[in-house]
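K.L.:
Taken in sequence, the protein lines are chains S and E.
The opening residue of the first sequence carries number 1 in the numbering used here; numbering runs sequentially from there.
The opening residue of the second sequence carries number 1001 in the numbering used here; numbering runs sequentially from there.
Quick one: the structure is below, questions incoming.
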Amino acid sequence: DAKTTQPPSMDCAEGRAANLPCNHSTISGNEYVYWYRQIHSQGPQYIIHGLKNNETNEMASLIITEDRKSSTLILPHATLRDTAVYYCIVRVASGGDKIIFGKGTRLHILP
Amino acid sequence: GAVVSQHPSWVICKSGTSVKIECRSLDFQATTMFWYRQFPKQSLMLMATSNEGSKATYEQGVEKDKFLINHASLTLSTLTVTSAHPEDSSFYICSAETRGRSPLHFGNGTRLTVT
Chain S
1 DAKTTQPPSM
11 DCAEGRAANL
21 PCNHSTISGN
31 EYVYWYRQIH
41 SQGPQYIIHG
51 LKNNETNEMA
61 SLIITEDRKS
71 STLILPHATL
81 RDTAVYYCIV
91 RVASGGDKII
101 FGKGTRLHIL
111 P
Chain E
1001 GAVVSQHPSW
1011 VICKSGTSVK
1021 IECRSLDFQA
1031 TTMFWYRQFP
1041 KQSLMLMATS
1051 NEGSKATYEQ
1061 GVEKDKFLIN
1071 HASLTLSTLT
1081 VTSAHPEDSS
1091 FYICSAETRG
1101 RSPLHFGNGT
1111 RLTVT
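Set out below in structure tokens:
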């Protein structure tokens, strides 16, 4: 089973910040939080990952709670091209362990 | 960034034939590759994990004799769907990584249609 839970869908107005939550209450101390998104009929695209500190890159920001049991992916200025299914997963940074995907959040950007 | 190339992007085959899908890591050595299958409006389902030079580890319910995985080199893994049937029609996605280096990178998928 997936180690994360996410709302099935969300709407966001174009130009506004999209905040996508993820619960990972059973996360282990050596597991990172990764976010991917999948645009229709494409493979998942890596967005960002973090351990416990907040992270920011050119695509998004990742806010991880102090207890690490939940996180929020922030797309600061959503565009129509951000319409996708967003997946939050946890895994060790060294890799090799299999990734079980949950159902993700289907984000609709509204014009 | 790291690129994973998957080929073909789509394929149509007749029932009973076999289809091979290739997954290549273009600019890094893929010590581990994963194969997923995705049905419409569903999430990715892990089929198997393969480490270079080793036999693949299949998930429960995935027939290893039907879905043959070969990971003979650090840049190439192949998935062969043998004796394909219409129920095998799906979107197949590979992913690759170098152990010890995150993150995992995905190919763009192969849409298989079996008629």
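The beta carbon of each residue, even a glycine, is placed where N, CA and C say it ideally should be.
Starting from GLN42 (chain S), find everything on chain E with Cβ-Cβ shorter than 8 Å and list it in chain order.
P.N.:
Result: ASN1108, GLY1109.
K.L.:
With a threshold of 8 Å between beta carbons, is PRO1008 (chain E) in contact with chain S?
P.N.:
Output row for PRO1008 (chain E): interface = no.
K.L.:
Going by DSSP, name the residue or residues bridged to PRO21 (chain S).
P.N.:
DSSP output for PRO21 (chain S) lists S:THR72 as bridge partner(s).
K.L.:
List the DSSP bridge partners of GLN38 (chain S).
P.N.:
DSSP lists S:VAL85 as partners of GLN38 (chain S).
K.L.:
For PRO76 (chain S), count neighbouring Cβ atoms within 10 angstroms of its own Cβ and tell me buried if that reaches 16, exposed if not.
P.N.:
That one is exposed.
K.L.:
In whole angstroms, what is the alpha-carbon distance linking ILE27 (chain S) and SER1073 (chain E)?
P.N.:
ILE27 (chain S) and SER1073 (chain E): Cα-Cα distance of roughly 33 Å.
K.L.:
For LEU1044 (chain E), which option in S:ILE109, S:LYS103, S:LEU110, S:SER9 has the closest C-alpha, if you only look at C-alpha atoms?
P.N.:
Looking at the Cα atoms, S:LYS103 is the closest of the given residues.
K.L.:
Below 9 Å between beta carbons is the criterion; list the residues of the region 1049-1081 of chain E that meet it against any residue of chain S, in chain order.
P.N.:
Per Cβ criterion, the list reads THR1049, ASN1051, THR1057, GLU1059.
K.L.:
Below 8 Å on the Cβ atoms is my guess for THR1110 (chain E) versus GLN1006 (chain E); work out the distance and round it to an integer in Å.
P.N.:
Between GLN1006 (chain E) and THR1110 (chain E) the Cβ distance is about 6 Å, and since that is below 8 Å, they are a contact.
K.L.:
Quick one: which unbroken beta strand (DSSP E) runs of 3-plus residues sit fully inside the region 1025-1083 of chain E? Chain order, please.
P.N.:
1032-1038, 1045-1051, 1067-1073, 1076-1081, all fully within the region 1025-1083 of chain E.
K.L.:
For ASP1088 (chain E), which of helix, strand or coil comes out of DSSP?
P.N.:
The answer is helix: DSSP assigns ASP1088 (chain E) an H, G or I state.
K.L.:
Reducing DSSP to helix, strand and coil, say where LEU51 (chain S) ends up.
P.N.:
Correct three-state label for LEU51 (chain S): coil.
K.L.:
Could you tell me whether the Cβ atoms of SER1090 (chain E) and PHE1034 (chain E) are closer together than 8 Å?
P.N.:
No.
K.L.:
Compare the beta carbon distance of LEU20 (chain S) and LEU80 (chain S) with 8 Å and say whether it is the shorter of the two.
P.N.:
Not a contact, by the Cβ cut-off of 8 Å.
K.L.:
So that I know if they touch, is there some Cβ in chain S lying closer than 8 Å to that of ILE1021 (chain E)?
P.N.:
No, because no Cβ of chain S sits closer than 8 Å to the Cβ of ILE1021 (chain E).
K.L.:
Report, in whole angstroms, the separation of the C-beta atoms of ASN1108 (chain E) and SER1009 (chain E), which I expect to be a contact under 8 Å.
P.N.:
So it is a contact: roughly 6 Å between Cβ atoms.
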